[in-house]
Amino acid sequence: MTKAGKCETCRRRKIKCDESRPTCGSCSSRGRPCVYAQAPGDVFVQEPVAALMAIGRSHSTDSSADSGDVTPARVVPVFVAPTGAQTSFQVKRRRDARTGNGQFFTFKPCRLQKDGSGFVRMKEASAQEQCPEKAGLNRRSATISQKLRMTKQEVLFSRLVATMGISALDVSPFGDWMKYIAAPSAGGEHVELAVDYAMSSMVLFRSRTEANLAITCKAGKRALRSLIEHTASCKGSEGSVGLLNAVILHCAAEQFIGMAECHYAPHIVAASRIVASCYTGGGANPAVRSIASSICEDEFVEAMLWGRCSNLESIAAPIILDGSSIDLDTALGAVEYLLHQLPRLILMVRRATQAPDATSTAEEAIGMVLRLYHSSLDIYVGRACAELSENVRPSSDAMVPPCTERVLGFPSVPAFALMLRYSHYRITICGLIQTLCKLGSANVPVDPAQVEMEDVAAAKAIAMCADYALQSESPLVTLKVLGPLQLGFAGWYRLQKRQPSCDTLEHRQAVQMKAWHVKTARIVDEMWLNTPSNPWRLERVSEMCAGGHMETWMHDYRQPGFNGSLPGEEYG
Numbered sequence: 001m002t003k004a005g006k007c008e009t010c011r012r013r014k015i016k017c018d019e020s021r022p023t024c025g026s027c028s029s030r031g032r033p034c035v036y037a038q039a040p041g042d043v044f045v046q047e048p049v050a051a052l053m054a055i056g057r058s059h060s061t062d063s064s065a066d067s068g069d070v071t072p073a074r075v076v077p078v079f080v081a082p083t084g085a086q087t088s089f090q091v092k093r094r095r096d097a098r099t100g101n102g103q104f105f106t107f108k109p110c111r112l113q114k115d116g117s118g119f120v121r122m123k124e125a126s127a128q129e130q131c132p133e134k135a136g137l138n139r140r141s142a143t144i145s146q147k148l149r150m151t152k153q154e155v156l157f158s159r160l161v162a163t164m165g166i167s168a169l170d171v172s173p174f175g176d177w178m179k180y181i182a183a184p185s186a187g188g189e190h191v192e193l194a195v196d197y198a199m200s201s202m203v204l205f206r207s208r209t210e211a212n213l214a215i216t217c218k219a220g221k222r223a224l225r226s227l228i229e230h231t232a233s234c235k236g237s238e239g240s241v242g243l244l245n246a247v248i249l250h251c252a253a254e255q256f257i258g259m260a261e262c263h264y265a266p267h268i269v270a271a272s273r274i275v276a277s278c279y280t281g282g283g284a285n286p287a288v289r290s291i292a293s294s295i296c297e298d299e300f301v302e303a304m305l306w307g308r309c310s311n312l313e314s315i316a317a318p319i320i321l322d323g324s325s326i327d328l329d330t331a332l333g334a335v336e337y338l339l340h341q342l343p344r345l346i347l348m349v350r351r352a353t354q355a356p357d358a359t360s361t362a363e364e365a366i367g368m369v370l371r372l373y374h375s376s377l378d379i380y381v382g383r384a385c386a387e388l389s390e391n392v393r394p395s396s397d398a399m400v401p402p403c404t405e406r407v408l409g410f411p412s413v414p415a416f417a418l419m420l421r422y423s424h425y426r427i428t429i430c431g432l433i434q435t436l437c438k439l440g441s442a443n444v445p446v447d448p449a450q451v452e453m454e455d456v457a458a459a460k461a462i463a464m465c466a467d468y469a470l471q472s473e474s475p476l477v478t479l480k481v482l483g484p485l486q487l488g489f490a491g492w493y494r495l496q497k498r499q500p501s502c503d504t505l506e507h508r509q510a511v512q513m514k515a516w517h518v519k520t521a522r523i524v525d526e527m528w529l530n531t532p533s534n535p536w537r538l539e540r541v542s543e544m545c546a547g548g549h550m551e552t553w554m555h556d557y558r559q560p561g562f563n564g565s566l567p568g569e570e571y572g
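Written as structure tokens, this is what we have:
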């Protein structure tokens with residue numbers, strides 16, 4: 001057996017380990033972790049030691065984390081198979097004031113000791129060592145070991161590592177909500193239980209076993225009961241940030257489990273209303289603003305499909321100065337503002353199409369649509385997308401979307417989100433303008449051919465964003481493209497309808513891209529256990545988002561016992 005605190009390699013070579021370092025001098029100089037004997041309860045990871053060490057170094061040198069308060073460190077033991085080597089990571093929760101007192105995890109390699117009762121974290125000086133005169137003892141070094149008992153979140157984290165491998169060491173791919181877990185100003189039992197529910201659902205997402213399903217269902221029942229009780233006792237704006245955290249975590253959990261449909265997400269509606277209430281007092285803290293940004297696409301799709309205005313349309317637009325340099329955060333705020341204005345425009349265009357003789361209604365709709373179409377925000381975001389996106393040479397085995405001619409790459413996930421949201425906005429507003437151009441009583445002062453070209457360009461951009469998302473290691477990046485894929489289908493659907501015959505090149509391209517969108521949407525549907533997409537439903541959604549009439553079958557989603565079967569499923 002390995003002695004307490006001794007590396008297997010150093011023990012064989014009779015080298016004393018340095019207690020103040022995560023690895024001994026010999027192992028550190030060779031770029032390898034200390035090797036310890038395997039112990040019960042370890043987390044098994046099928047990854048090389050080098051990958052573990054690289055992640056440990058990258059997180060331990062994070063300069064942004066050093067500015068925040070640090071909670072007591074915890075240790076997660078990781079056993080690396082099949083080499084037989086074991087390393088451990090010191091898990092620190094850090095609160096970053098720049099993100100509204102949110103929390104995130106950092107990791108660095110550390111050494112574990114073992115006594116007869118289990119793992120211990122570190123050696124600390126005893127009271128006798130600190131005050132040897134009072135204790136009547138000499139100055140001989142004397143240390144004691146302190147046991148480590150993992151919290152519930154750390155146990156769930158260990159399960160994540162066990163089922164998902166090394167990628168679980170970085171929880172950032174699971175969405176912005178992981179940064180706002182149990183913030184001091186927004187904590188509570190309802191948030192803690194929502195954290196358990198969300199993290200259990202992540203384990204279930206990657207490893208759908210009966211045991212994990214039972215654990216997740218139990219956590220979900222407790223979390224939902226606590227959320228209902230807290231909501232009933234919450235008055236006014238009291239505890240609104242904590243309630244928002246819990247609601248977002250419930251939404252995340254239902255997405256990972258496969259319970260949330262993109263057509264009906266009640267937690268998104270609740271979250272958007274809470275966010276709107278947080279802004280009524282003259283602004284919101286960074287945590288609320290970030291959550292508002294994270295639910296941008298979901299809130300837009302929910303409002304559009306159910307024929308209502310966005311709950312977030314009252315959030316003020318960022319100020320854009322003429323000739324100002326491109327800033328990613330400002331561009332994201334601008335495109336989110338543009339998206340939140342679209343549901344109201346869709347309602348106005350729908351009223352204009354239902355009453356074509358009402359000239360005043362059509363003129364009002366045209367005025368609002370064109371003000372957004374020619375706005376400085378639109379121009380600014382378009383410039384930002386052109387600067388932040390880059391052409392990438394695809395590999396030989398890459399599945400490039402047809403008719404797109406190129407592959408997009410992005411320097412960061414926020415840059416990808418900017419392009420996706422802007423394309424989402426552009427294809428919607430181009431569809432609204434084309435609908436208004438068809439009204440006999442309306443005079444739209446735009447070039448229809450130019451709008452049609454921009455419509456196809458936005459559809460191509462959505463296809464390239466979807467292709468980029470499918471190559472991403474983050475599952476939530478893939479989830480974000482499901483709504484835009486529906487509107488990307490709408491662009492090609494409109495292109496097909498404009499063609500005079502089936503023999504034109506544009507008609508063939510439109511048919512090909514429609515099939516590609518259906519196939520890609522079904523890949524995402526299968527990943528998230530959604531109802532499979534089909535052409536019939538996507539065509540109806542295409543007409544709805546361009547100001548067409550509301551489909552009555554949408555209301556079936558709110559009926560108990562709905563099994564997902566819709567008219568026209570046989571055409572899928």
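Counting in full-length UniProt numbering, the sequence shown runs from 1 upward without gaps. Every residue, glycine too, gets a C-beta built ideally from N, C-alpha and C.
I'd like to know whether the C-beta atoms of residue i and residue j end up nearer to each other than 8 angstroms.
i: residue 448; j: residue 437; result: yes
i: residue 349; j: residue 547; result: yes
i: residue 480; j: residue 297; result: yes
i: residue 311; j: residue 272; result: yes
i: residue 477; j: residue 422; result: no
i: residue 430; j: residue 513; result: no
i: residue 313; j: residue 351; result: no
i: residue 485; j: residue 428; result: no
i: residue 320; j: residue 380; result: yes
On a CA-only basis, which of the options is nearest residue i? Give me that one, please.
i: residue 424; options: 229, 411, 459; result: 459
i: residue 493; options: 479, 509, 480; result: 509
i: residue 367; options: 505, 468, 490, 444; result: 444
i: residue 525; options: 482, 488, 499, 249; result: 482
i: residue 378; options: 353, 317, 362; result: 317
i: residue 295; options: 513, 453, 457, 339; result: 339
i: residue 191; options: 217, 229, 462, 206; result: 229
i: residue 331; options: 305, 408, 293, 285; result: 293
i: residue 375; options: 426, 409, 410, 415; result: 426
i: residue 490; options: 545, 384, 279, 371; result: 545
i: residue 361; options: 413, 308, 439; result: 439
Reducing DSSP to helix, strand and coil, say where residue i ends up.
i: residue 643; result: No statement about residue 643 is possible, as the shown extent of the chain runs from 1 to 572 and does not include it.
i: residue 188; result: coil
i: residue 258; result: coil
i: residue 408; result: strand
i: residue 451; result: helix
i: residue 299; result: helix
i: residue 539; result: helix
i: residue 336; result: helix
i: residue 313; result: coil
i: residue 116; result: Caution applies to residue 116, whose pLDDT of 31 falls short of 50 and renders its modelled position unreliable; the value that the coordinates give is listed next. In this structure, residue 116 counts as coil in the three-state DSSP scheme.
i: residue 490; result: helix
i: residue 270; result: helix
Suppose you measure from the CA of residue i to the CA of residue j; what does that come to, to the nearest Å?
i: residue 290; j: residue 419; result: 18 angstroms
i: residue 507; j: residue 541; result: 20 angstroms
i: residue 386; j: residue 212; result: 44 angstroms
i: residue 249; j: residue 209; result: 22 angstroms
i: residue 357; j: residue 363; result: 11 angstroms
i: residue 189; j: residue 329; result: 33 angstroms
i: residue 224; j: residue 270; result: 14 angstroms
i: residue 534; j: residue 353; result: 26 angstroms
i: residue 333; j: residue 501; result: 42 angstroms
i: residue 267; j: residue 504; result: 45 angstroms
i: residue 407; j: residue 222; result: 45 angstroms
i: residue 471; j: residue 233; result: 44 angstroms
i: residue 217; j: residue 206; result: 16 angstroms
i: residue 193; j: residue 220; result: 8 angstroms
i: residue 532; j: residue 539; result: 14 angstroms
i: residue 99; j: residue 241; result: With a pLDDT of 36 at residue 99, under the threshold of 50, the modelled position of that residue is not reliable, and the figure given next carries that caveat. Roughly 13 angstroms between the two C-alpha positions.
i: residue 215; j: residue 195; result: 13 angstroms
i: residue 365; j: residue 226; result: 45 angstroms
i: residue 517; j: residue 527; result: 15 angstroms
i: residue 371; j: residue 247; result: 35 angstroms
i: residue 537; j: residue 549; result: 14 angstroms
i: residue 355; j: residue 306; result: 20 angstroms
i: residue 446; j: residue 231; result: 49 angstroms
Verify the CB distance criterion: does residue i have a CB-CB separation below 8 angstroms to chain D?
i: residue 388; result: Of the protein chains in the structure, only one exists, and it is not chain D.
Quiz item: Are the stretch 185–203 and the stretch 241–258 in contact at 8 angstroms, needing three or more beta carbon pairs?
Solution: yes
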